[in-house]
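> Sharing a structure with you now.
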Amino acid sequence: MKAAIRRGRVAPAATLVVLGWLAGCSTPPDKIILLPDPDGKVGAVVVHSASGERTIDKAYAGVDVAQSGKIETTMDSQQDVETRYSDLLAARPPRPMTFTLFFLFDSATELAPESPATVQKMKAVLATWPAPQVVVIGHTDLAGSQEFNDRLSMRRAQSAVAFLIKEGIPAKQIETTWRGKREPLVQTPDGVPNRMNRRVVITIQ
């Protein structure tokens, strides 16, 4: 590809699709179109070439980058993009999904009452997700020592991994880590328990 792309600082949630003209001259330009997130938010990306750079930060705005590096700004409608590139858009991998499982106090195996429903939703997603890569992160609240909570968050993460493997996800497709009490969801004074901080975060991508 003749253009280098980096995400801009306006909104890092931007979705970027890189497309190529399917017909035309023998050396078609690179075509880059900025798509909104499913909730309609739009970020920004910066496109670099040998001749300069261009920022795009509007939904369905784009650039054509010629073999020479010349950059031309384009603007399409949602309908035009979805019609013209329907096959490419349909081939995109699913967007990552995150599930949070909450645990009872001082437990690495007993889920909080609201978590079984989340488990069922996650199972339904895993059943249809092609070759998922999964990231599992264990957490604790701020009650107890750092050493104790490191071990507890590790055991919570391992419990989640055991569940995922039971659901048919190969261990090599699961990345596991734990944070102890370092990254609370709800900020509390050290030593104060909080049910929202006793959790495992599972991201499927």
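Counting from 1, position 58 in the sequence shown corresponds to residue 58 in the UniProt record's numbering; the numbering is continuous, with no gaps. Where a beta carbon is used, it is the ideal one built from N, C-alpha and C, also for glycine. A quick note: this is a predicted structure, and the numbers were derived from the prediction, not measured.
To the nearest angstrom, report how far apart residue 181 and residue 46 are at their CA atoms.
In the sequence shown, counting from the first residue as 1, residue 181 sits at position 181. In the sequence shown, counting from the first residue as 1, residue 46 sits at position 46. So the two alpha carbons sit approximately 37 Å from each other.
> Just the C-alpha distance for residue 52 and residue 175, rounded to the nearest angstrom, thanks.
For the purposes of this step, residue 52 is taken as residue 52 along the sequence shown, with counting starting at 1. For the purposes of this step, residue 175 is taken as residue 175 along the sequence shown, with counting starting at 1. C-alpha separation (whole angstroms): 39 Å.
> Along the chain, where does the beta strand (DSSP E) that runs through residue 102 open and close?
As a working note, residue 102 is residue 102 in the sequence shown. Where residue 102 is concerned, the enclosing beta strand (DSSP E) stretches over 97 to 102.
> Got a sec, what are the start and stop residues for the alpha helix (DSSP H) residue 86 sits in?
Counted from its first residue, the sequence shown places residue 86 at position 86. 86 to 90 is the span of the alpha helix (DSSP H), which, as asked, contains residue 86.
> Between which two residues does the alpha helix (DSSP H) harbouring residue 155 extend?
Walking along the sequence shown from the start, residue 155 turns up at place 155. Counting along the chain, the alpha helix (DSSP H) containing residue 155 begins and ends at 146 to 166.
> Please check the pair residue 71 and residue 95, which I expect to be a contact at CB under 8 Å, by giving their CB distance rounded to whole angstroms.
Here residue 71 corresponds to residue number 71 of the sequence shown, with the count starting at 1. Here residue 95 corresponds to residue number 95 of the sequence shown, with the count starting at 1. Not a contact, Cβ separation roughly 28 Å.
> Looking at C-alpha atoms only, which residue of 82, 133 and 106 is the closest neighbour of residue 36?
Taking the first residue of the sequence shown as 1, we reach residue 36 at position 36. Selected option, being the one with the closest Cα: 82.
> Looking only at DSSP bridge pairs, what is residue 53 linked to?
Taking the first residue of the sequence shown as 1, we reach residue 53 at position 53. Its beta-bridge partners are 48.
> Taking the straight line between their C-alpha atoms, what separation do you get for residue 89 and residue 38?
Residue numbering aside, residue 89 sits at position 89 when the sequence shown is read from its first letter. Residue numbering aside, residue 38 sits at position 38 when the sequence shown is read from its first letter. The alpha-carbon atoms of residue 89 and residue 38 are separated by roughly 13 Å.
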